[in-house]
Amino acid sequence: MLRWLSGRGAPQRKVEQELALLTDEVWHRAIVSHPFLVGLTPDEDLALQQRTAWILASKQFSGVQGLELTHEIMLSVAIQAALPIMQLSPRLYEGWTEIIMYPSGFVIPRTEVDESGVVHEYMMEASGEAWDGGPLILSWEDAEAGLVSRANVVIHEFAHKLDLYGSDADGMPSLGAHPDIHPHEWQRILQASFDEFCASLAAAEDAIPSYIDPESAEAQPWYASLPLDAYAATDLAEYFAVSTEVFFVDPAPLAQGLPQWYALLARYYRQDPYRRMSLFHAKGS
Ligand SMILES: [Zn+2]
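Here our numbering is used: the first residue of the sequence shown is 2, the next is one more, and so on.
Here is the structure:
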């Protein structure tokens with residue numbers, strides 16, 4: 002049963018050591034502090050625990066700028082990162098090892114060349130970043146805030162890693178283990194739902210009266226009906242990452258607003274968080 006645990010990323014002994022640290026009490030506390038982890042079946046709970054231990058054993062966490070890493074912080078990152086691959090192979094997170102954690106938002110130097118060929122260098126504030134073949138970087142302050150909001154930077158950055166596995170950041174993860182999903186089908190639904198989302202975003206923006214700054218908090222009610230944050234319209238890679246966040250954290254608007262895209266994600270992740278959460282809440286537990 003623990004066959005897959007000995008992936009190239011971590012020796013089985015190390016995974017078992019991490020599993021041993023996840024006592025019932027530690028695990029229960031971790032589950033309840035991540036409200037989107039409700040309604041897991043005992044099998045799913047076990048699978049999540051095993052992948053969490055695999056991540057803790059195979060990734061090297063480092064805290065920078067004075068962030069002191071505790072087991073609780075690493076466990077929180079690992080349990081969230083484990084959710085998307087709960088029913089997938091942990092190999093999808095292989096090919097890189099480092100998770101760098103900042104206490105809060107960090108700045109990334111960026112260079113851009115404009116139309117007239119002028120080079121602009123500037124600093125961009127970020128809450129997370131995933132390098133192709135390199136580290137995954139997170140702000141703990143933003144990761145912690147994600148426990149109680151629709152935005153989830155941990156799941157977002159790990160979704161980029163799934164997208165990058167074996168190909169470019171293009172909104173299409175590796176479908177090697179999914180003979181039931183043809184790449185053309187993925188491409189078609191990805192593009193169609195992205196176009197549909199961009200059109201609803203444009204309509205929402207058009208409806209904002211001219212006296213309201215569309216970037217301000219006052220404009221938020223116009224975006225409230227959208228199934229995803231406006232950032233998803235950036236490109237197909239961000240669309241996949243933002244969709245994955247809400248798929249796991251707050252799936253109802255996505256399942257209702259973009260049902261074909263939701264259904265495709267459910268086939269890819271082999272999970273149906275909308276159904277799982279609905280059943281849980283219907284039970285009133
Ligand atoms: Zn992103």
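Just so you know, even glycine gets a beta-carbon here, dropped at the ideal spot from N, CA and C.
Using alpha carbons as the reference points, say which of the options lies closest to residue i.
{"i": "I209", "options": "V27, A200, P222 and D46", "result": "P222"}
{"i": "Q81", "options": "V155, L139, H183 and I182", "result": "V155"}
{"i": "W28", "options": "V243, L76, Q18 and D115", "result": "L76"}
{"i": "F171", "options": "G177, V247 and Q188", "result": "In the sequence on display, residue 171 carries Asp and not Phe. Nearest option by C-alpha distance: Q188."}
{"i": "D143", "options": "F62, G134 and G129", "result": "G129"}
{"i": "S279", "options": "S175, D207, P254 and R151", "result": "P254"}
{"i": "M125", "options": "P110, S34, G135 and F195", "result": "P110"}
{"i": "G67", "options": "R30, E206, S105 and D46", "result": "S105"}
{"i": "E73", "options": "E45, R276 and A31", "result": "A31"}
{"i": "P12", "options": "D169, P43 and I56", "result": "I56"}
{"i": "H157", "options": "D169, L139 and D196", "result": "L139"}
{"i": "I182", "options": "P91, L266 and Y94", "result": "L266"}
{"i": "L93", "options": "S168, L229, S150 and G40", "result": "S168"}
{"i": "L228", "options": "A205, A238 and G40", "result": "This sequence places Pro at residue 228; Leu is not what is there. The shortest Cα separation from P228 among A205, A238 and G40 belongs to A205."}
{"i": "A83", "options": "E45, S63, Q257 and H185", "result": "E45"}
{"i": "D236", "options": "F198, D115, H121 and K284", "result": "F198"}
{"i": "P91", "options": "A238, V16 and R277", "result": "V16"}
{"i": "G40", "options": "A283, R277, G285 and K284", "result": "R277"}
{"i": "Q192", "options": "E219, A238 and Y166", "result": "A238"}
{"i": "S150", "options": "E246, D115, S63 and E116", "result": "E246"}
Any chance the CB of residue i is under 6 angstroms from a heavy atom of ligand 1?
{"i": "A242", "result": "yes"}
{"i": "E126", "result": "no"}
{"i": "E239", "result": "yes"}
If I follow the unbroken alpha helix (DSSP H) through residue i, where does it start and stop?
{"i": "M87", "result": "Looking at the DSSP string, M87 is not in any alpha helix (DSSP H), and its letter there is neither H nor E."}
{"i": "L202", "result": "P184 to A208"}
{"i": "Y270", "result": "P260 to Y270"}
{"i": "T245", "result": "L237 to V250"}
{"i": "L163", "result": "V154 to L165"}
{"i": "I32", "result": "D25 to V33"}
{"i": "L20", "result": "Q13 to L22"}
{"i": "E69", "result": "No alpha helix (DSSP H) holds E69; DSSP gives it neither H nor E."}
{"i": "E142", "result": "W141 to A146"}
Along the beta strand (DSSP E) that carries residue i, what are the first and last residues, could you check?
{"i": "G129", "result": "G129 to A131"}
{"i": "Q61", "result": "Q61 to G64"}
{"i": "S279", "result": "Unbroken run through S279 is the alpha helix (DSSP H), P274 to K284; no beta strand (DSSP E)."}
{"i": "E219", "result": "Element bounds for E219: n/a, residue is neither H nor E."}
{"i": "V119", "result": "First-last for V119: undefined, no H or E at that position."}
{"i": "V108", "result": "F107 to V114"}
{"i": "M102", "result": "E99 to Y103"}
Could you tell me whether the Cβ atoms of residue i and residue j are closer together than 7 angstroms?
{"i": "Q261", "j": "I190", "result": "yes"}
{"i": "T53", "j": "A21", "result": "no"}
{"i": "L70", "j": "I100", "result": "no"}
{"i": "Y224", "j": "A233", "result": "no"}
{"i": "P180", "j": "D164", "result": "no"}
{"i": "S217", "j": "L259", "result": "no"}
{"i": "A242", "j": "A146", "result": "no"}
{"i": "Y269", "j": "P252", "result": "no"}
{"i": "K60", "j": "T98", "result": "yes"}
{"i": "V120", "j": "V114", "result": "yes"}
Just confirm the distance between the C-beta atoms of residue i and residue j, as a whole number of angstroms; I'd bet it's less than 8 angstroms.
{"i": "A131", "j": "K162", "result": "5 angstroms"}
{"i": "P85", "j": "F281", "result": "Between F281 and P85 the Cβ distance is about 19 angstroms, and since that is not below 8 angstroms, they are no contact."}
{"i": "A58", "j": "E19", "result": "5 angstroms"}
{"i": "R271", "j": "Q50", "result": "Actually they do not touch by this definition, with Cβ atoms about 17 angstroms apart."}
{"i": "V1", "j": "Y123", "result": "Residue 1 falls outside the range modelled here, since the chain spans only 2 to 286, and no answer is possible."}
{"i": "G96", "j": "G134", "result": "6 angstroms"}
{"i": "L148", "j": "S244", "result": "Actually they are not in contact, since the Cβ atoms of L148 and S244 sit about 20 angstroms apart, beyond 8 angstroms."}
{"i": "A152", "j": "D230", "result": "7 angstroms"}
Determine whether the Cβ of residue i lies closer than 7 angstroms to any Cβ atom of chain B.
{"i": "P222", "result": "No chain B appears in the structure shown, which is made up of a single protein chain."}
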